[in-house]
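There are 2 protein chains.
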Amino acid sequence: MKQALIKDLYRNTESYIDQKVQLSGWIRTIRDSKTFGFIELNDGSFFKGVQIVFDEQLENFKDIAKLPISSSIKVVGDFIHTPKAKQPFEIKATDIFVEGTSNVDYPLQKKKHSFEYLRTIAHLRPRTNTFSAVFRVRSLASYAIHKFFQDQGFVYVHSPIITGSDTEGAGEMFRVTALDMDNLPKNEEGKTDLSKDFFNKETNLTVSGQLSAEAFALAFRNVYTFGPTFRAENSNTARHAAEFWMIEPELAFAELPDIMDLAEEMVKYVIGFVLEQAPEEMNFFNSFIEKGLLERLNNAHTANFGRVTYTEAIEMLKESGETFAYPVEWGLDLQTEHERYLCEKVFKRPVFVTDYPKEIKAFYMRLNEDNKTVAATDLLVPGIGELIGGSQREEREDILAGKINELGMTEEDYWWYLELRKYGGTKHSGYGLGFERLIMYLTGMSNIRDVIPFPRTTGNAEF
Amino acid sequence: MKQALIKDLYRNTESYIDQKVQLSGWIRTIRDSKTFGFIELNDGSFFKGVQIVFDEQLENFKDIAKLPISSSIKVVGDFIHTPKAKQPFEIKATDIFVEGTSNVDYPLQKKKHSFEYLRTIAHLRPRTNTFSAVFRVRSLASYAIHKFFQDQGFVYVHSPIITGSDTEGAGEMFRVTALDMDNLPKNEEGKTDLSKDFFNKETNLTVSGQLSAEAFALAFRNVYTFGPTFRAENSNTARHAAEFWMIEPELAFAELPDIMDLAEEMVKYVIGFVLEQAPEEMNFFNSFIEKGLLERLNNAHTANFGRVTYTEAIEMLKESGETFAYPVEWGLDLQTEHERYLCEKVFKRPVFVTDYPKEIKAFYMRLNEDNKTVAATDLLVPGIGELIGGSQREEREDILAGKINELGMTEEDYWWYLELRKYGGTKHSGYGLGFERLIMYLTGMSNIRDVIPFPRTTGNAEF
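Residue numbers (the UniProt record's numbering), protein chains in the order written: chain A, 1 to 463; chain B, 1 to 463.
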């Protein structure tokens, strides 16, 4: 008799009818009367559990009946098809073996716990319905991303985590060192002698894999990264984490509209994938986390995403008659309130805003003919605001070098990045997707701490 | 006329016969006589390029003929089927547009370059045959890993990179800090005041995601991690990097033989996947990097992996009559020379060695009945030595706590890890696969620096 997974009982019910099955899992609930009892068993393979019926015929009936919830057991029993009942089947146990008992002080008792409390037991929270659903969807969305790009022949690049350069030219970065911080070697100027450090120079945690991705795009044409990135920003908000995962596709011979098409296709693909692969989880979110979630996602899945220039968007916001907390003025960056207004009220669907003023965007973005804007785009989605930021990259070596100098950066630091333009540079474009934002968008969860297995935020690196 | 990718010309040749096509890519080689010329164009989508024939009918014939290699161009032309020629087709250009010229000092001229030199131009080396093949296989192998686990319902866990704990209890770790290293705050004892740091305590870069994976396995049953890990080890060898990627599956309700079965299945799956998806690259490695590579991989793909206990392996080594540089004695760890002897000479295929002395293995490995060995396994493969290390985990809370104390570690640091045993712990097992080792195994590349896009090693964090 092979071990069965509960997922398979649900997905291939027919093949189990009147069969003997063996399951193992954890007790989610247990109740008993004198002569029989019920266990809701969850084995982690599926969002739902299965009901185990047991009675006095078990030698160890009394011991089983007393098990605290979250104890792990092995169950041998008969699969009983109950198509007319609320649950389509149950297991009538012929044997139950205790694998590991739990303790009565198990923190996840039946009562509802706040997300804040659950963060303090991040090692146990994946056992709750909400976090089981969040982290399964996170896993499926990761896979959907890989599948989407790999099916189209994109090359996955592991861009470096430890880096000597600062992509954005502006990040607040974490330092990486192997020096003894209680006993730092000093140089003649009395500063820390970084030549004695592991890499013989200052190193930091990456804020983006884009520059690496560009190098690879100019060899493989279509590439993507998917890895952790870091910001040492002291933002104690529901949207910022110090460590988060980013996806950064980069395409040679591609202009701005090409990556907008790709981003739209990708978002739709991921939505379709999780709706298909995790219907139980998505229904749960729709019922208990965000009413209307499925409608919002289905809308995004079928709509044509809007496209509007920054200049037009500013006009729309000005003419809206809406009162915003932050000013709306050509040249100022859009705030989340503006972004959400545009996609939620004006377009009622995801919308790409394009061609931002060059002053508010990064140095590597391609200067438009108007000399005032760059070929950049942000994808704004209802409920979130900015989900994706991308641009055509400045492929003209002289203009790029000029920009680097203008911003007080050093050409020598970007020697290899400039060389990509010197040796057969092409038009190329790419975007970055903050993976946690995507998970929040897919699940309706409103705090980034609740979509990361063990979140790292200001003052918090537990577990 | 749609843009075509060279990969598609090769894979769907029939559908292009006598068609007009448009390609874009980089010039790998170019030669011309007075009236016509040949370009080998590579567009990054495929290992091989395509031959472009151009002649005086082009208005810009002379400009094109003068282009330095690595210049990027767009080509419009007729697809000419040449089934009897060495190349099955070529493109007769009707138009060639220059997208970006290259420079005559382009470092990748036709002559063969050493791998050492190519490391100094890591931004350009993916344009060579060898590194194009390596990094495409790396991408495909990554995807094969995800596909293997996802197809079986495993949940992918992003374990944290910044960590306050040290999994192995022994790692040489990189520190992560947001403090100004030239101006560190001091506490009353004159030490660095870590309470002022970003996380209000000491944090490091992770050496393993295993402990996190265990927490998730006890919720989802079958999980895996795939992410970067770090060692601040001063080992300047061909096998060590400071930053490398690891895959760590973890299975609840699983004992040692279960994960050996899984590891064997996984290795075979990945080999099969890359052989099928990248035949051109794999043939290249077989011809130019390691003669006999394909035979070695095909052998591993079809053989039953051997299984032998550490105690038996020690006997085999002692009886071998071989002279080893390192001593062979029960209680001493196996060195690479021993590992390779076992799989290359004795078993002639991959082999699992099991049940190592407890003293040479990590604290979390499950103590066997004999009280002397632990339920650990290493998978040894020809050409590499250790590829995978795994174990059944100590699920008995008292024995685990005893071990932590015995080693002078602190129970408080492992409170949540111990709680996993307290609240419905189960037998569970997992293993770690060093991803770069796998790529070396698959490609025959002998230096870890040559299988990582931008490698980080002692004294080197360029790009």
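Ideal placement from N, C-alpha and C gives every residue a C-beta, glycine not left out.
Could you work out which residue in the options is closest to residue i when comparing CA atoms only?
i: A:Asn368; options: A:Gln22, A:Gln392, A:Pro350; result: A:Gln392
i: A:Lys74; options: A:His81, A:Ile91, A:Pro83, A:Lys86; result: A:Ile91
i: A:Pro382; options: A:Arg136, A:Phe174, A:Phe352, A:Glu255; result: A:Phe352
i: A:Leu140; options: A:Thr323, A:Phe273, A:Phe285; result: A:Phe273
i: A:Trp415; options: A:Lys427, A:Asp398, A:Ser195, A:Thr128; result: A:Asp398
i: B:Arg231; options: B:Ala217, B:Leu205, B:Arg239, B:Ala215; result: B:Leu205
i: B:Leu251; options: B:Thr203, B:Ile96, B:Ala219; result: B:Ala219
i: B:Gln57; options: B:Ala93, B:Thr237, B:Tyr310, B:Lys20; result: B:Ala93
i: B:Gly37; options: B:Gly44, B:Ser45, B:Asp55, B:Val50; result: B:Asp55
i: A:Ser287; options: A:Ile39, A:Ala133, A:Glu462; result: A:Ala133
i: B:Phe284; options: B:Lys48, B:Lys112, B:Gln335; result: B:Lys48
i: A:Phe131; options: A:Lys422, A:Asp261, A:Phe454; result: A:Phe454
i: A:Leu9; options: A:Phe79, A:Phe61, A:Thr323; result: A:Phe79
i: A:Val451; options: A:Asp151, A:Ile404, A:Leu118; result: A:Leu118
i: A:Met260; options: A:Glu419, A:Ser102, A:Gly430; result: A:Gly430
i: A:Ser33; options: A:Tyr16, A:Val53, A:Val21, A:Asp43; result: A:Val53
i: A:Pro88; options: A:Pro107, A:Val50, A:Ala241; result: A:Val50
i: B:Ile161; options: B:Gly402, B:Val207, B:Phe135, B:Arg125; result: B:Val207
i: B:Ser446; options: B:Ile6, B:Ala401, B:Phe115, B:Ile404; result: B:Phe115
i: B:Leu124; options: A:Lys427, A:Glu214, A:Arg31; result: A:Glu214
Determine the DSSP secondary structure at residue i, reduced to helix, strand or coil.
i: A:His338; result: helix
i: B:Asp398; result: helix
i: A:Glu40; result: strand
i: B:Ala375; result: strand
i: A:Met246; result: strand
i: residue 466 of chain B; result: No answer is possible for residue 466 of chain B: it lies beyond the span of chain B, which begins at 1 and ends at 463.
i: A:Trp330; result: coil
i: A:Pro228; result: strand
i: B:Pro279; result: helix
i: B:Gln150; result: helix
i: A:Phe47; result: coil
i: A:Thr120; result: coil
i: A:Ala144; result: helix
i: A:Leu67; result: coil
i: A:Gln210; result: helix
i: B:His240; result: coil
i: B:Thr203; result: strand
For residue i, which residues in the same chain have their Cβ closer than 7 Å to its Cβ, ignoring the five residues on either side in sequence?
i: A:Lys358; result: Leu367, Lys372, Thr373, Val374
i: A:Glu290; result: Gly444
i: B:Arg239; result: Ile448
i: B:Gln335; result: Tyr326
i: B:Thr203; result: Ile162, Thr163, Gly164, Val176
So, at 6 Å on beta carbons, what are the nonlocal neighbours of residue i in its own chain, with the 5 sequence-adjacent residues on each side left out?
i: A:Asn12; result: none
i: B:Ala376; result: Tyr356, Lys361, Met365, Ser391
i: A:Lys268; result: His301
i: B:Ile148; result: Reading off the sequence, residue 148 of chain B comes out as Phe, not Ile. Answer for B:Phe148: Met266, Tyr269, listed in chain order.
i: B:Glu264; result: Phe305
i: A:Asp95; result: Val76
i: B:Ala303; result: Arg349
i: A:Asp378; result: Val353, Glu386, Gly389
Can you list, in chain order, the residues of its chain whose CB lies under 8 Å from that of residue i, leaving out five sequence neighbours each side?
i: A:Thr192; result: Leu179, Leu184, Pro185, Lys186
Name the residues in the stretch 431 to 458 of chain A whose C-beta lies less than 9 Å from a C-beta of chain B; which are they? From the stretch 431 to 458 of chain A, only Phe435, Ile452, Pro453, Phe454, Pro455, Arg456, Thr457, Thr458 have a Cβ closer than 9 Å to chain B.
Determine, using beta-carbon pairs with one atom in the stretch 421 to 438 of chain B and one in the stretch 378 to 389 of chain B, whether at least three such pairs fall under 8 Å. A contact exists between the stretch 421 to 438 of chain B and the stretch 378 to 389 of chain B.
Contact set between the stretch 199 to 213 of chain B and chain A, restricted to residues whose Cβ is under 9 Å from the partner: Near chain A, meaning a CB-to-CB distance below 9 Å, the residues of the stretch 199 to 213 of chain B are Phe199, Asn200, Lys201, Glu202, Thr203, Leu205, Leu211, Ser212.
Would you call the stretch 170 to 189 of chain A in contact with the stretch 175 to 187 of chain B, where contact means no fewer than 3 C-beta pairs closer than 8 Å? Yes, the stretch 170 to 189 of chain A is in contact with the stretch 175 to 187 of chain B.
Closer than 7 Å, Cβ to Cβ, to anything on chain B: give me those residues from the stretch 148 to 161 of chain A, in chain order. Those residues of the stretch 148 to 161 of chain A that come within reach of chain B (Cβ to Cβ, closer than 7 Å) are Gln150, Gly153, Val155, Tyr156, Val157, His158, Ser159, Pro160, Ile161.
Decide yes or no for the touch test of the stretch 232 to 245 of chain B against the stretch 401 to 416 of chain B: beta carbon pairs closer than 8 Å, at least 3 of them. With the cut-off at 8 Å, the stretch 232 to 245 of chain B and the stretch 401 to 416 of chain B do not touch.
Any contact between the stretch 285 to 298 of chain A and the stretch 436 to 448 of chain A? By contact I mean 3 or more CB pairs, one from each, below 8 Å. Cβ pair count under 8 Å is three or more, so yes.
Mind the definition here: the stretch 58 to 76 of chain B touches the stretch 16 to 32 of chain B only if three or more C-beta pairs lie below 8 Å; say whether that holds. Output reads yes: the stretch 16 to 32 of chain B touches the stretch 58 to 76 of chain B.
Okay, do the stretch 301 to 319 of chain A and the stretch 328 to 335 of chain A touch, 3+ Cβ pairs below 8 Å being the bar? The answer is yes - the stretch 328 to 335 of chain A touches the stretch 301 to 319 of chain A, with three or more Cβ pairs under 8 Å.
If you pair each beta-carbon of the stretch 452 to 461 of chain A with each one of the stretch 193 to 205 of chain B, do three or more pairs fall below 8 Å? The stretch 452 to 461 of chain A, when compared against the stretch 193 to 205 of chain B, does touch it at the 8 Å Cβ threshold.
Against chain B, which members of the stretch 94 to 121 of chain A pass a CB distance test of less than 7 Å? The residues in question are Glu99, Gly100, Ser102, Asn103, Tyr106.
Note down, in chain order, all residues in the stretch 25 to 37 of chain A with a beta-carbon under 8 Å from any beta-carbon belonging to chain B. Cβ contacts with chain B come from Gly25, Trp26, Ile27.
Looking at chain A, which residues of the stretch 254 to 276 of chain B have a Cβ within less than 9 Å of any of its Cβ atoms? From the stretch 254 to 276 of chain B, no residue has a Cβ closer than 9 Å to chain A.
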